[in-house]
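My numbering applies: residue 3 is where the sequence shown begins, and numbers increase by one.
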Amino acid sequence: KIYLSFLRNEKTGVKEVFQQFKNRPDRYIIASFLLTALSLACLLPVFGCGAMTVYFSYTGNELATMITSCIMIVAMIFSMILVFYFAVKYSQVYYLYIDHPDMSVIGAFKESSRIMKGNMWRYIYMIFSFIPLELLVGLTMGIGEFFLVPYMGTVQAAFYMDVNGEFQRREDEARRLEEEMGPVLSE
Numbered sequence: 003k004i005y006l007s008f009l010r011n012e013k014t015g016v017k018e019v020f021q022q023f024k025n026r027p028d029r030y031i032i033a034s035f036l037l038t039a040l041s042l043a044c045l046l047p048v049f050g051c052g053a054m055t056v057y058f059s060y061t062g063n064e065l066a067t068m069i070t071s072c073i074m075i076v077a078m079i080f081s082m083i084l085v086f087y088f089a090v091k092y093s094q095v096y097y098l099y100i101d102h103p104d105m106s107v108i109g110a111f112k113e114s115s116r117i118m119k120g121n122m123w124r125y126i127y128m129i130f131s132f133i134p135l136e137l138l139v140g141l142t143m144g145i146g147e148f149f150l151v152p153y154m155g156t157v158q159a160a161f162y163m164d165v166n167g168e169f170q171r172r173e174d175e176a177r178r179l180e181e182e183m184g185p186v187l188s189e
């Protein structure tokens, strides 16, 4: 909420941190639970292969242990890709709750999925662009996080505003006002 308010030039303060929990906090809890359950469901094949590997290792069957270990590695890679896919696809759920206080949990997931169509690679690129900055934070022994976390939050909020069309609406409104009133500054 703070990052969106900042980008919208609205008044922000410490009270903004918990303000969203006053209006149906169950939605945030349910959304977090669903995202966690989805991640764990994607990891189930890894847990199954891990259990089979331990069983075969315990029984002394080296060939089966090696095969299930290889399958587990492939399952782990596939599961990580799936978890990342769903995390990106539903990354806008919490922002949608802020803008639409009456939106249902399923509605927020559907809308997040809709607005991320065609924007997933942009989001992934944005997230990966933070990696070098995070590495630099390591050089500061973590002190750089005080600057990086607000930057990352603001960039993600700006991404939401962009994919939601808010920046385009502002630009169109400014263009319309300029056409109606003429240029504000003479050249």
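Here a beta-carbon is modelled for each residue, glycine too, at the ideal position from N, C-alpha and C.
Owing to the predicted nature of the structure, the values given are computational and were not obtained by experimental measurement.
If you keep only unbroken alpha helix (DSSP H) runs of at least 4 residues inside the segment 14-55, you get 18-21. Straight across, the Cα-Cα distance linking Met118 with Cys51 is about 32 Å.
For Cys72, the closest of Val85, Thr61 and Pro47 by C-alpha to C-alpha distance is Pro47. For the pair Phe169 and Ile75, the Cα-to-Cα distance works out to about 43 Å. Ile32 is the residue among Glu12, Ile126, Met183 and Ile32 whose C-alpha sits nearest the C-alpha of Val107. The continuous alpha helix (DSSP H) containing Ser114 extends over residues Val107 to Met118. The count of Cβ pairs closer than 8 Å, one atom from the segment 79-89 and one from the segment 35-49, reaches three, so the stretches are in contact. Here the segment 52-65 makes no contact with the segment 89-98; the two share fewer than three CB pairs at distances below 8 Å. Minimum Cα-Cα distance from Arg124 among the listed residues Met183, Phe80 and Phe161 corresponds to Phe161. If you draw a straight line from the Cα of Phe148 to the Cα of Gln158, it is about 16 Å long. The three-state reading of DSSP puts Asp164 in helix, counting H, G and I together. Leu98 is classed as buried because its beta carbon has at least 16 other beta carbons within 10 Å across all chains shown. Residue state for Met68 is assigned as helix, using DSSP reduced to three classes. Residue state for Gly155 is assigned as helix, using DSSP reduced to three classes.
Taking every protein chain shown into account, the CB of Glu113 has 16 or more other CB atoms within 10 angstroms, so this residue is buried.
Taking 7 Å as the cut-off, the beta carbon of Thr156 is found closer than this to the beta carbon of Tyr5. Within 10 angstroms of the beta-carbon of Val151 lie fewer than 16 other beta-carbons, which makes it exposed.
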